[in-house]
Amino acid sequence: MNKQEKEIDLIIIGAGPAGLTAGIYASRANLETLILENDIIGGQVRSSYTIENYPGFAKITGVELAEKMEAQATGEGAVIDEFDFIEKVTLTDDEKIIETGDFIYKPRAVIIATGAKPRSLPIPNERAYLGKGIHYCAVCDGSSYEGEVIGVVGGGSAALEEAMYLARVAKKVIIIRRYDTFHAEAKTLKEVEAVPNIEILYDHDLIDVVGDNFVEKALVKHTKTDEVIEIPLKAIFGYIGTEPKTDLFKPFIQVGEDGYIKSDESMQTNVKGVYVAGDVRQKEFRQIATAVADGTIAALKAEKYITENKENAK
């Protein structure tokens, strides 16, 4: 069956904070805007239990914030399609084609806001126990371990915040930290240290997990003495960083050695009319606030690019 071709002003790939913000600004600029998302609307923010560092909200859940952003984007006129997966793309200065399962879109401009996914724990049995004690989303899977001992691996704010969430349901949470410090806000670390059923295991590294069909023990090595100990627990939640979702674009868009998409401060990639925003972009800080800023700039620059091209075509 031949797919229907559709011309459109702007396609935003990804419906996280960056993509939804871009959708708000683009729609307010009267651009016909389509947001394509093949995962959950809201991206990683939706799986955050509590957010306390986003301006305007002293405290808000990730689900609430994602829903507010989604409602605002659609309220301004953006269309979100989360069921029509992208099969392939062509992104050049002269031609932009986004082919999904149902349509062939020919947008005037594209904003890539696909975000990043959690980095897998680098242990031999990660795949064998994925979903059977190895997890990457506390909100999604934490309730399955009510009253159990749970491990958290990571050294940033995400690891600490998710440990506090898990402590609400678990008997005990053990944070396995490779070094003797955290890359996190001092306030968050202080809050974690005050939770009675959270233990921080400094200078220890997770080297594997074992069990019959499900995780039963974590094998942990002291990073200074090389002593290996076994910790009885039922689950390990990993928060050791993220990997950008860029495979679809690599034939056309320049990425850095770390896999993140390169751009200038205007969010412009190496391809004219293709912009990038949010966690998929190569930059120093990845926060909700910086994703929103990226999305704003990308949408404004895309609007200017589209308007100038329409005028030149007259």
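Residue numbering for the sequence shown follows this note's numbering, starting at 2 and increasing by one per position.
Here a beta-carbon is modelled for each residue, glycine too, at the ideal position from N, C-alpha and C.
Keep in mind it's a predicted model, so treat the numbers as computed, not measured.
Per the coordinates, the alpha-carbon of A159 lies some 42 angstroms from the alpha-carbon of K4. For the segment 146-209, the continuous beta strand (DSSP E) assignments of 3+ residues that do not extend past its boundaries occur at 150-155, 173-177, 199-202, in sequence order. The bridge partners DSSP lists for E6 are I105. Cβ neighbours of V211 within its own chain (closer than 6 angstroms, five residues either side excluded): K218. Taking C-beta separations shorter than 6 angstroms and ignoring five residues to either side along the sequence, the partners of D206 in its chain run R179, K222, T224, following chain order.
Collapsing the DSSP output to three states places A117 in a strand.
Scanning its chain for C-beta atoms nearer than 6 angstroms, with the 5 sequence neighbours on each side dropped, one finds around V140 the residues S48, Y50, in chain order. The Cβ atoms of G257 and G116 lie no closer than 8 angstroms to each other.
Distances from the alpha-carbon of I232 to those of I241, V216, T226 put V216 closest.
Residue environment: P18 is assigned as buried (16 or more neighbouring CB atoms within 10 Å of its CB, all protein chains considered).
Taking the CA atoms as reference points, E100 sits about 6 angstroms from E88. Secondary structure remark: continuous alpha helix (DSSP H) runs of at least 4 residues inside the segment 32-97, in chain order: 63-77. E304 carries a helical assignment under DSSP once its states are collapsed to helix, strand and coil. In the three-state DSSP reduction, V293 falls in the helix class (H, G or I). Counting of Cβ neighbours within 10 angstroms places K311 among the exposed residues, the total staying below 16. The C-beta of L131 has fewer than 16 other C-beta atoms within 10 Å across all chains shown, which makes the residue exposed.
The C-alpha of G63 is placed about 21 angstroms away from the C-alpha of E77. For the 8 angstroms CB-CB criterion, D85 and L37 form a contact.
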